[in-house]
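S.K.: One structure, pasted below without further comment.
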Amino acid sequence: MNKQQQTILLHVIIAFLCLPIHYYMGEVFKLALLPYVLYLLFSKNPNYLPALIIHAVPGNTVSLVLLFSCIWISMANYKKLKKYRVTLIFKALIILLPVFLFFFYEGIFLKKYGISLSLQYLSFFLSFFGFFYGILLANKVNKNHWRAIILIIFLMPLIMYLPSPQKIIIRLFWLALPLAITILVANFLGAKLKVRKNLKTWSALFVLLIGIPYGLKFTPIFSAIIAISILLFYIKDYKLFFNMLTKPRIGVIVIILMILAIYSIDDFTMRQNFNVADYKINDLNSFMAYLKFKTFDDRAILWKGGWDFLVNSLHYWPTGEVPSYSYISAKGGKIDEIEFGMHNIGLEMMRNYGIIIGAYLTCVYMIIITKLHIVFKNVTSSFLLILSATLLGLGIAEGIVGQAVLMPMFSFTFLGLTGICYGIAESNRT
């Protein structure tokens, strides 16, 4: 084990030992960790990235401060970002900073919410800056770092199986499962996508020992299907379909599909004969039945309720509060005062920040994740091609049916890795 590997391992061990503080101890203890975690972040050293991923997973004050600090680091390294041709995206985000700083000030000093809750309102906006942090690390990342990152992504979900006084959800599972599935399938798509035997072994072990026992969730499978489709179209040189999935135009397709789903609820609802609690996906038919349920009974009714709220309440601008909404269930009953998310990136950002800023940020999100298109032009590494396809697949799938990719417990990893993959590809261009 060389010095670099020792450094990576040391800080990963420290990060794991800090998890009880993140999950079970009070704010004072979390704040006590911040100087050390911020030292790792501001060092801009990829040796510390695996540990930072672990520290970001709990989604608490530490995660939020990490994301907030990425703004300052990005601003301080603006000249370097110029070389990667992302300054237009950066400016598109930074012009909104005064708006969010006002709400941060209001939350702390006027509403007395405290730092953590005040930052929580900003979390979707802050999440974008993990992308730029990843770009700044791109040229320094090597095989040792990738090995550690992938092991952490595969091993962290084990925490969900440990005895705990509270239920812990590790969002990295939503990346680990589609990545493992895509790695295993990509091996059969062509020589360009063959990876090392140990990576295939890790992937198979994850699927068998963690993925299947925890449950083959819809979103990770949906993400894997999109990722595999991207790789297949890339290998077969089906440019029309490849570009359709990897360029911003996918956003238009998503909007059309959502509108069709919303206006087809009455025709395709199946809640009355679908037992979701005990349902298992065993084959293509069972997956298609579950897809139908998730689309029309589970998601489309939320999307319709969310959109009706946004339009009827004239919720055009942010207010510093996240409003509740209501929806009509598949059985026809009205459910009021809903606090959980609308399970769609666009709708949820419009709910948080108003229709105008929310729609604006949704466009920025689509531009960022489709930046991965360049990886397939400038990179030959099979691992990076598979990882980029998985990130893009997850970004599309989770963007349609969830919002976890921009939540603080996941966004640092998701957009950070997106930035690294894009940064490597952009460096190869020049």
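If you're matching positions, the sequence shown starts at 1 in UniProt numbering and goes up one per residue. Just so you know, even glycine gets a beta-carbon here, dropped at the ideal spot from N, CA and C.
Does the contact criterion of 3 or more C-beta pairs under 8 Å hold for the stretch 21-40 versus the stretch 176-184?
M.R.: They do not touch, by the three-pair rule.
S.K.: Could you give the distance in angstroms between the alpha-carbon of residue 209 and the alpha-carbon of residue 55?
M.R.: Numbered from its first residue, the sequence shown carries residue 209 at position 209. Numbered from its first residue, the sequence shown carries residue 55 at position 55. Those two C-alpha atoms are separated by around 24 Å.
S.K.: Could you pull out every residue in the same chain whose Cβ sits closer than 6 Å to the Cβ of residue 48, ignoring the five residues on either side in sequence?
M.R.: Translated into the one-based positions of the sequence shown, residue 48 becomes position 48. 11, 40, listed in sequence order.
S.K.: Might you give, ordered along the chain, the residues of its own chain that have their beta carbon closer than 8 Å to the beta carbon of residue 103, omitting 5 neighbours on each side?
M.R.: The sequence position of residue 103 within the sequence shown is 103, counting from 1. Counting only Cβ-Cβ distances below 8 Å, and skipping sequence neighbours, we find 118, 121, 122, 318, 320.
S.K.: So for residue 78, helix, strand or coil by DSSP?
M.R.: Mapped onto the sequence shown, residue 78 falls at position 78. Of the three classes helix, strand and coil, the one that applies to residue 78 here is helix, per DSSP.
S.K.: Suppose you measure from the CA of residue 398 to the CA of residue 217; what does that come to, to the nearest Å?
M.R.: Residue 398 sits at position 398 when you count from the first residue of the sequence shown. Residue 217 sits at position 217 when you count from the first residue of the sequence shown. Taking the straight line from one Cα to the other gives about 12 Å.
S.K.: Helix, strand or coil: how does DSSP classify residue 325 here?
M.R.: In the sequence shown, residue 325 corresponds to position 325, counting from 1. In the structure shown, residue 325 sits in a strand (DSSP, three-state: E or B).
S.K.: To the nearest angstrom, how far is it from the Cα of residue 314 to the Cα of residue 260?
M.R.: As a first step, residue 314 must be located in the sequence shown, where it is residue number 314. As a first step, residue 260 must be located in the sequence shown, where it is residue number 260. Rounded to whole angstroms, residue 314 to residue 260 spans 23 Å at the Cα level.
S.K.: Would you call the CB atoms of residue 130 and residue 420 closer than 8 Å?
M.R.: As a position in the sequence shown, residue 130 is number 130, starting the count at 1. As a position in the sequence shown, residue 420 is number 420, starting the count at 1. No, Cβ-Cβ distance for residue 130 and residue 420 is not below 8 Å.
S.K.: One question on the structure: do residue 362 and residue 349 come within less than 8 Å of each other, judged by their Cβ atoms?
M.R.: Taking the sequence shown and counting its residues from 1, the one referred to as residue 362 is at position 362. Taking the sequence shown and counting its residues from 1, the one referred to as residue 349 is at position 349. Yes, Cβ-Cβ distance for residue 362 and residue 349 is below 8 Å.
S.K.: For residue 43, name the three-state secondary structure that DSSP assigns.
M.R.: What you label residue 43 is simply residue 43 of the sequence shown in a count that begins at 1. Residue 43 falls in the coil class under three-state DSSP.
S.K.: Between residue 341 and residue 316, how many whole angstroms is the CB-CB distance? I'm expecting something under 8 Å.
M.R.: Stepping through the sequence shown from its first residue, residue 341 is reached at position 341. Stepping through the sequence shown from its first residue, residue 316 is reached at position 316. In fact, because the Cβ distance is near 20 Å, the residues do not count as touching under 8 Å.
S.K.: If I follow the unbroken alpha helix (DSSP H) through residue 112, where does it start and stop?
M.R.: Residue numbering aside, residue 112 sits at position 112 when the sequence shown is read from its first letter. Unbroken run through residue 112: none, as it is neither H nor E.
S.K.: Note down, in chain order, each residue of its chain lying with its Cβ closer than 8 Å to the Cβ of residue 64, except the 5 sequence neighbours on either side.
M.R.: For the purposes of this step, residue 64 is taken as residue 64 along the sequence shown, with counting starting at 1. Excluding sequence neighbours, residue 64 sits near 116, 119, 120, 122, 123, 126, 408.
S.K.: In or out: residue 307 buried (at least 16 other Cβ within 10 Å) or exposed?
M.R.: For this step, residue 307 is matched to residue 307 along the sequence shown. The residue is buried, with at least 16 neighbouring Cβ atoms inside 10 Å.
S.K.: Helix, strand or coil, according to DSSP, for residue 435 in the structure here?
M.R.: With the chain running from 1 to 430 in the structure shown, residue 435 is simply not present.
S.K.: Would residue 403 pass as a contact of residue 367 if the rule is Cβ separation under 8 Å?
M.R.: For the purposes of this step, residue 403 is taken as the residue at position 403 of the sequence shown. For the purposes of this step, residue 367 is taken as the residue at position 367 of the sequence shown. No, the Cβ-Cβ distance between residue 403 and residue 367 is not below 8 Å.
S.K.: Which full runs of the alpha helix (DSSP H) of 4+ residues lie inside the stretch 109-195, going along the chain?
M.R.: If we require 4 residues or more, the alpha helix (DSSP H) runs fully inside the stretch 109-195 come out as 115-121, 123-127, 130-137, 143-155, 173-186.
S.K.: Residue 182 and residue 224 - do their beta-carbons sit closer together than 8 Å?
M.R.: Numbered from 1 along the sequence shown, position 224 holds the residue referred to as residue 224. Numbered from 1 along the sequence shown, position 182 holds the residue referred to as residue 182. The answer is yes: Cβ separation under 8 Å.
S.K.: Is it buried or exposed for residue 84, if we count other Cβ within 10 angstroms and need 16 for buried?
M.R.: As a first step, residue 84 is located in the sequence shown; it is residue number 84 there, counting from the start. The residue is buried, with at least 16 neighbouring Cβ atoms inside 10 Å.
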